[in-house]
DNA sequence: GGGCCGTGCGCAGTTGGATTT
DNA sequence: CAAATCCAACTGCGCACGGCC
């Protein structure tokens with residue numbers, strides 16, 4: 001098989017001309033290590049040689065091989081994003097913002113979507129230490145307090161891989177966290193419903209094990225309680241998608257007196273609820289009010305436009321990513337980062353605008369609605 | 001600083017007990033290479049030693065370091081997914097399916113969402129050869145035919161990194177592709193509209209440079225032409241989101257006679273269009289029909305439920321990912337993979353169900369609608 | 001003398017310390 | 001001696017070779 005005195009082993013076959021530091025070294029006459037320093041620590045290299053190296057590097061459109069540089073230095077310039085389910089709008093918006101910030105810092109991003117399946121989350125976490133990842137952002141509504149998850153997270157932290165969470169703290173693990181002020185957001189929305197629509201109200205969505213949903217429920221019930229309604233009514237849904245909202249709401253409406261308003265734990269549930277109400281002959285925004293959480297892109301464009309508790313996704317995801325990158329680069333200490341709480345703000349649209357009885361005139365003219373709407377989609 | 005005769009260099013500080021092959025070797029008494037063989041090529045190792053190695057590996061919950069093994073072997077067991085915009089439902093559904101298949105094969109997945117920005121796409125592609133990625137799945141409606149993009153793709157292919165595309169072929173680049181039969185899907189939807197609603201009809205969404213949208217437009221106009229309507233009317237939108245559909249549809253409805261029906265290039269545009277029609281006093285499903293493309297999760301739960309041209313995302317994303325993994329593993333040759341075309345199927349809901357004039361009785365009873373609807377959400 | 005195993009090198013960089021001017 | 005550069009070791013793993021029973 002040996003054919004001639006060629007000095008290359010088997011390399012040229014698989015990846016021709018990989019554009020390595022060795023090539024730059026050969027082209028410039030410097031050693032590989034000088035090339036490396038010229039690129040990474042310019043202050044240690046003479047002005048002139050640095051220029052030469054950079055010039056050749058540019059000509060070869062050289063980028064360092066992530067795997068190789070990470071191997072020795074321990075820094076792979078790569079983050080991981082672990083989310084409940086990337087196909088849900090909320091998580092995909094988070095992913096977009098995280099990806100954007102990563103790209104700005106020329107970090108790569110690994111995606112791990114565990115479909116709200118604890119076992120899958122666990123297996124993803126177990127592999128993290130070997131993935132060549134410097135840090136991980138965790139965002140899910142699911143409860144991460146289980147001993148197995150916490151054990152894996154401890155292992156990860158032990159290996160020097162940094163962790164940042166969005167939306168919930170993990171008991172026993174002291175990592176930077178970005179939170180929404182869901183409690184206050186729910187309070188504001190509930191106050192609006194009580195004042196403009198009255199009681200009873202129902203809360204849609206608090207299944208067990210969801211941390212943000214629990215906060216929203218607490219905010220809701222605190223306001224309801226203040227108005228003499230015990231804790232308020234809680235409709236437990238089987239999941240967080242459109243269908244879950246539809247099913248749970250339908251079931252509730254069929255068996256008892258209708259509430260005056262609904263606060264849903266996210267916009268998908270709200271959409272399902274609106275459909276259920278409509279199906280049963282109700283008119284949302286007239287007979288009954290619906291408010292969602294998240295203020296997804298589609299909220300202003302639904303029929304009727306959906307009121308929702310908004311919050312800047314960019315802000316929350318950007319903050320998380322920037323913090324993680326700071327940690328990874330060693331520019332900051334995790335315990336020196338106070339938790340951030342991002343405010344929520346209620347956006348009122350037709351699905352919960354005060355009913356005709358309490359409202360003003362010109363309410364029926366469709367042309368005008370658009371005017372009002374244009375302001376805050 | 002040197003305190004005592006400790007024999008470790010500086011390792012223990014940064015990442016204590018990394019769980020390497022060296023540790024397994026030490027624990028079992030075998031050499032590192034034997035451990036490696038026991039794990040990767042069991043047939044070359046004695047039954048007994050293999051068992052011992054596997055046992056210890058399991059106890060240490062050992063996984064090979066991706067960076068290191070990829071460095072030497074050239075296979076990183078990692079794919080990249082390049083999408084137009086991960087925050088759009090379509091792409092996030094694709095991402096979910098791709099992630100799932102990757103996890104099944106214990107491949108990692110890098111996410112690159114370029115926000116429909118050609119420059120960003122280009123910079124992502126330029127870095128691909130250095131990211132430690134074995135292959136890349138490209139899915140976007142944007143036209144990838146530009147010379148710069150094609151040059152980068154050629155470089156990528158040259159490095160032995162495999163490419164698979166979803167939704168469009170790239171001229172001059174012979175890579176496996178999975179397509180939807182958008183042309184036929186549009187034909188079916190348009191035929192339905194013509195027969196049940198009549199003409200004129202409008203097509204919403206064909207901005208320049210979107211390949212699937214172009215196919216949908218062609219399918220639409222071929223049917224319309226057959227009914228003596230020249231090419232049909234095409235409303236060009238400024239993007240693909242809810243807002244674009246709303247703006248374009250509003251503008252169109254204000255200036256001319258209303259069409260009998262609308263075929264939108266995706267469901268987001270359809271939602272925007274429905275809102276525009278409603279705002280201007282129309283009733284979707286009675287005065288005018290709307291059909292979308294994609295059949296997103298929310299379609300059955302909108303008011304009115306949205307007709308849409310569906311197609312299995314799992315099928316398309318799964319096929320693409322499996323093909324790419326086959327290529328990477330060397331189990332197949334790219335040119336031996338015929339293009340797959342996944343069928344589309346029209347799902348009719350209330351937004352385009354035949355109008356009262358042509359329909360039967362009991363059409364107004366809301367309770368009944370749900371019955372009809374329950375069949376196919 | 002053919003299974004079984006260890007040695008040594010290479011992958012593409014990074015880094016501490018030695019070497020050169 | 002200080003600035004600039006180089007040498008050699010090292011990262012975790014895979015593979016060709018060769019040695020040993």
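Protein chains in written order, with full-length UniProt numbering: chain A, 1 to 377; chain B, 1 to 377.
From the three backbone atoms N, C-alpha and C, an ideal C-beta is built for every residue, glycine too.
Since the structure is predicted, the reported quantities are computational estimates derived from the model, not experimental observations.
So is residue 297 of chain B in contact with chain A if we call contact Cβ pairs under 9 Å? Interface with chain A (9 Å Cβ-Cβ cutoff): residue 297 of chain B is included.
Around the Cβ of residue 182 of chain B, are there at least 16 other Cβ atoms within 10 angstroms (buried) or fewer (exposed)? With 16 or more other CB atoms across the displayed protein chains lying within 10 angstroms of its CB, residue 182 of chain B is buried.
Could you check whether the Cβ of residue 24 of chain B sits closer than 9 Å to any Cβ belonging to chain A? Among the residues facing chain A, residue 24 of chain B is not included, as its CB has no counterpart in that chain under 9 Å away.
Specify whether the stretch 307-325 of chain A and the stretch 304-312 of chain B touch according to this definition: at least 3 beta carbon pairs, one from each stretch, less than 8 Å apart. The answer is no - the stretch 304-312 of chain B does not touch the stretch 307-325 of chain A, with fewer than three Cβ pairs under 8 Å.
By Cβ distance below 7 Å, which residues in the same chain neighbour residue 209 of chain B in space, the five residues on each side in sequence not counted? Cβ-Cβ distances below 7 Å link residue 209 of chain B to 142 and 143 in the same chain, with the five nearest sequence neighbours on each side left out; the list follows chain order.
Counterpart residues of residue 162 of chain B in DSSP-defined beta bridges: In the DSSP output, where bridge partners are listed per residue, residue 162 of chain B has B:135.
For residue 162 of chain A, collect the residues of the same chain with a Cβ closer than 8 Å to its Cβ; drop the 5 residues on either side in sequence, then sort them by chain order. The residues are 134, 135, 136, 175, 324, 327, 328 and 334.
Could you check if residue 139 of chain B is buried or exposed, using at least 16 other CB atoms within 10 Å of its CB as the buried criterion? The residue is buried, with at least 16 neighbouring Cβ atoms inside 10 Å.
Grouping DSSP H, G and I as helix and E and B as strand, with all else coil, what is residue 261 of chain B? DSSP, reduced to helix, strand and coil, places residue 261 of chain B within a strand of the structure shown.
According to DSSP, is residue 87 of chain A helix, strand or coil? In the structure shown, the three-state DSSP call for residue 87 of chain A is coil.
By the three-class DSSP mapping on this structure, what secondary structure does residue 341 of chain B have? In this structure, residue 341 of chain B counts as strand in the three-state DSSP scheme.
N-terminal and C-terminal residue of the alpha helix (DSSP H) that residue 245 of chain A is part of: Looking at the DSSP string, the run of the alpha helix (DSSP H) that includes residue 245 of chain A is 242-255.
Any C-beta of chain A within less than 7 Å: which residues of the UniProt domain "HTH lacI-type" (20-73) of chain B qualify? Contact residues of the UniProt domain "HTH lacI-type" (20-73) of chain B toward chain A are 61, 63, 64, 65, 66, 67, 68, 70 and 71 (C-beta to C-beta distance below 7 Å).
Check whether chain A comes within 9 Å of residue 327 of chain B, counting only Cβ atoms and requiring the distance to be less than that. Residue 327 of chain B is outside the set of residues whose beta carbon lies under 9 Å from a beta carbon in chain A.
Taking CB distances under 9 Å as the criterion, tell me whether residue 253 of chain A reaches chain B. Residue contact check for residue 253 of chain A against chain B: no CB pair falls below 9 Å.
Would you call the CB atoms of residue 118 of chain B and residue 86 of chain B closer than 9 Å? Not closer than 9 Å, so no.
Can you name the residues of chain A whose CB is closer than 9 Å to the CB of residue 110 of chain B? Neighbours of residue 110 of chain B on chain A, chain order: 78, 108, 109, 110 and 111.
Name the two residues that bound the continuous beta strand (DSSP E) containing residue 296 of chain A. From DSSP, residue 296 of chain A is part of no beta strand (DSSP E); its letter is neither H nor E.
Residue 302 of chain A versus residue 348 of chain B - alpha carbon distance: Straight through space, the alpha carbons of residue 348 of chain B and residue 302 of chain A are spaced by roughly 19 Å.
Please identify, using Cβ separations under 7 Å, the residues of the stretch 237-268 of chain B that lie next to chain A, in order along the chain. Residues of the stretch 237-268 of chain B with a C-beta less than 7 Å from any C-beta of chain A: 241, 242, 243 and 246, listed in chain order.
In the DSSP assignment, find the alpha helix (DSSP H) that holds residue 126 of chain B and state where it starts and stops. DSSP places residue 126 of chain B in the uninterrupted alpha helix (DSSP H) bounded by 118-127.
How many Å lie between residue 58 of chain A and residue 46 of chain A at the Cα? Cα to Cα, the separation comes out at about 18 Å.
Give a yes or no on whether 9 Å exceeds the smallest Cβ distance from residue 88 of chain B to chain A. The C-beta of residue 88 of chain B comes closer than 9 Å to at least one C-beta of chain A.
Nearest chain B C-beta to residue 285 of chain A closer than 9 Å, yes or no? So, not an interface residue.
Partners in chain B for residue 274 of chain A, counting only beta-carbon separations shorter than 9 Å: Residues of chain B passing the Cβ test: 301, 302 and 303.
Checking contacts by CB at 9 Å: is residue 193 of chain B closer than that to chain A? No, residue 193 of chain B lies away from the interface with chain A (no Cβ there is under 9 Å from its Cβ).
Can you check whether the CB of residue 63 of chain B is closer than 9 Å to the CB of residue 124 of chain A? No. Outside cutoff.
Of all the CB atoms in chain B, is at least one closer than 9 Å to the CB of residue 93 of chain A? Answer yes: the Cβ-Cβ gap between residue 93 of chain A and chain B drops below 9 Å somewhere.
Going by the CB atoms, is the gap between residue 352 of chain A and residue 192 of chain A shorter than 9 Å? Yes, they are a contact pair.
Once DSSP output is grouped into helix, strand and coil, what is the label at residue 359 of chain A? Note that residue 359 of chain A has pLDDT 43, beneath the 50 cutoff, so the model's placement of it is unreliable and the number below is only indicative. Looking at residue 359 of chain A - three-state DSSP - the assignment turns out to be coil, as it is neither helix nor strand.
Residue 73 of chain A versus residue 330 of chain A - alpha carbon distance: Rounded to the nearest angstrom, the two C-alpha atoms are 13 Å apart.
Closest Cβ-Cβ distance between residue 315 of chain A and chain B: below 9 Å? So no, residue 315 of chain A is outside the interface.
Range of the contiguous alpha helix (DSSP H) that encloses residue 61 of chain B: Following the DSSP letters along the chain, one finds residue 61 of chain B in no alpha helix (DSSP H), marked with neither H nor E.
Which residues in the same chain have their Cβ closer than 6 Å to the Cβ of residue 171 of chain B, if we skip the five residues on either side of it in sequence? Closer than 6 Å at Cβ, skipping near neighbours: 145.
Measuring only between beta-carbons, confirm whether residue 150 of chain B sits less than 9 Å from chain A. Output row for residue 150 of chain B: interface = no.
Under a CB-based cut-off of 9 Å, is residue 367 of chain B close to chain A? Reliability fails at residue 367 of chain B, whose pLDDT of 39 lies under 50, so the model's placement of it is uncertain and no value is given.
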